């Protein structure tokens with residue numbers, strides 16, 4: 034999916050000057066925010082999705098510049114032959130000159146002006162971290178990676194609970210980690226007749242989104258509608274050729290040379306939700322089954338973590354029926 038960088042050439046000279054002024058401090062490769070901003074300024078992100086029309090870029094620039102903010106980067110995508118506009122802007126501002134509530138109000142006015150389908154602003158240093166719950170089954174690799182990513186602050190989330198249909202022993206690595214950090218663990222034994230979805234809903238009602246870290250249960254359409262927020266899933270890239278039990282061994286025995294992982298939103302169509310991130314890696318005749326599985330699991334961990342990070346940084350927007358724009 035190509036990203037189109039739109040200039041302001043289609044606007045009036047006065048607007049061009051204003052837009053250019055707000056874009057003069059675009060972040061250069063190799064620079065950090067600390068290199069180009071004063072300590073008083075903080076970082077904000079805004080995403081916009083609306084019908085396409087003349088003047089959107091200029092108005093977005095004007096909104097930020099009028100409050101003495103400065104745009105660091107702007108990504109824009111306008112699909113060919115479609116009347117729709119997507120953008121993601123990163124900017125710095127002085128909170129004393131542009132209070133957080135005023136910022137929400139300013140972007141809300143823009144949203145109404147252009148009949149936006151989505152307009153979201155986030156200030157990571159001021160806004161609460163996203164609250165998530167992680168659902169997992171027996172496999173630990175994705176769950177453990179998320180827990181360490183949270184601990185090391187590589188993932189901008191707060192994990193409120195881990196929910197599993199697998200009963201982990203009290204002295205396992207995962208349980209010791211959760212107990213040490215005060216994260217509740219809920220074992221909900223499931224059967225074909227009882228998926229415990231009502232119990233899960235009660236445990237996750239205060240979360241911002243859910244993560245399925247190799248959760249080997251299918252969530253019903255009723256659960257998805259009742260929860261009403263996004264759910265991010267991860268699975269190996271061996272589907273649909275190798276289904277059922279032990280797909281890695283099936284693929285290894287078939288001599289597969291390319292493996293991968295896919296992270297996507299959960300929908301009622303199993304494993305067919307809009308894709309957020311995909312990763313691939315080559316394997317060869319030199320791999321044994323153990324190294325094959327390790328490479329596959331490493332891809333799943335990396336792919337899921339990147340998808341969560343992209344989501345939290347407002348890089349993911351819905352596109353058409355079953356696609357995403359990922360800036």
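Residue numbers (our numbering): 34 to 360.
Glycine included, every Cβ here is placed at the ideal spot set by N, Cα and C.
Quantities reported herein were computed from a predicted structural model and do not represent experimental measurements.
In the DSSP assignment, the alpha helix (DSSP H) including residue i goes from what residue to what residue?
i	result
residue 97	89 to 98
residue 266	No alpha helix (DSSP H) holds residue 266; the beta strand (DSSP E) holding it covers 264 to 269.
residue 208	206 to 214
residue 73	No alpha helix (DSSP H) holds residue 73; DSSP gives it neither H nor E.
residue 327	322 to 345
residue 318	From DSSP, residue 318 is part of no alpha helix (DSSP H); its letter is neither H nor E.
residue 292	Per DSSP, residue 292 belongs to no alpha helix (DSSP H); it is in the beta strand (DSSP E), 291 to 298.
residue 250	Unbroken run through residue 250: none, as it is neither H nor E.
residue 182	174 to 184
In angstroms with no decimal places, state the Cα-to-Cα distance between residue i and residue j.
i	j	result
residue 207	residue 201	8 Å
residue 234	residue 258	11 Å
residue 334	residue 134	37 Å
residue 322	residue 171	20 Å
residue 80	residue 282	42 Å
residue 90	residue 115	17 Å
residue 104	residue 317	46 Å
residue 327	residue 123	37 Å
residue 184	residue 113	42 Å
residue 288	residue 109	41 Å
residue 352	residue 343	16 Å
residue 136	residue 340	27 Å
residue 253	residue 275	23 Å
residue 384	residue 256	An answer regarding residue 384 cannot be provided, because it is not within the stretch 34 to 360 covered by the chain.
residue 324	residue 286	13 Å
residue 220	residue 142	46 Å
residue 33	residue 345	No answer is possible for residue 33: it lies beyond the span of the chain, which begins at 34 and ends at 360.
residue 94	residue 121	12 Å
residue 149	residue 132	23 Å
Tell me whether residue i sits in a helix, a strand or coil according to DSSP, three-state version.
i	result
residue 219	strand
residue 114	coil
residue 150	coil
residue 257	helix
residue 136	helix
residue 309	strand
residue 356	strand
residue 281	helix
residue 244	strand
residue 39	Interpretation of residue 39 is limited by its pLDDT of 41, a score under 50 that renders its predicted location unreliable; the figure taken from the coordinates is listed afterwards. Three-state result, residue 39: coil.
residue 109	strand
residue 63	In this prediction, residue 63 scores a pLDDT of 43, lower than 50, which makes its location untrustworthy; the coordinate-derived value is nonetheless stated afterwards. Three-state result, residue 63: coil.
residue 234	helix
residue 274	coil
residue 144	helix
Would a C-beta distance cut-off of 7 Å place residue i and residue j closer than the cut-off?
i	j	result
residue 167	residue 159	no
residue 298	residue 241	no
residue 164	residue 198	no
residue 265	residue 244	yes
residue 154	residue 140	yes
residue 228	residue 189	no
residue 338	residue 182	yes
residue 175	residue 246	yes
residue 250	residue 224	no
residue 332	residue 78	no
residue 236	residue 196	yes
Among residues of its own chain, excluding the 5 on either side of residue i, which ones have a beta-carbon nearer than 8 Å to its beta-carbon?
i	result
residue 385	As displayed, the chain neither begins before 34 nor continues past 360, which places residue 385 out of reach and without an answer.
residue 117	82, 83, 84, 85, 111
Given residue i, which residues of its chain have a CB within under 6 Å of its CB, disregarding the five upstream and five downstream residues?
i	result
residue 144	152
residue 349	309, 343, 357, 359
Within a Cβ cutoff of 7 Å, which residues of the same chain sit near residue i, ignoring the five residues on either side of it in sequence?
i	result
residue 130	100, 101
residue 128	75
residue 291	313, 315
The beta strand (DSSP E) with residue i in it runs from where to where?
i	result
residue 198	From DSSP, residue 198 is part of no beta strand (DSSP E); its letter is neither H nor E.
residue 167	163 to 169
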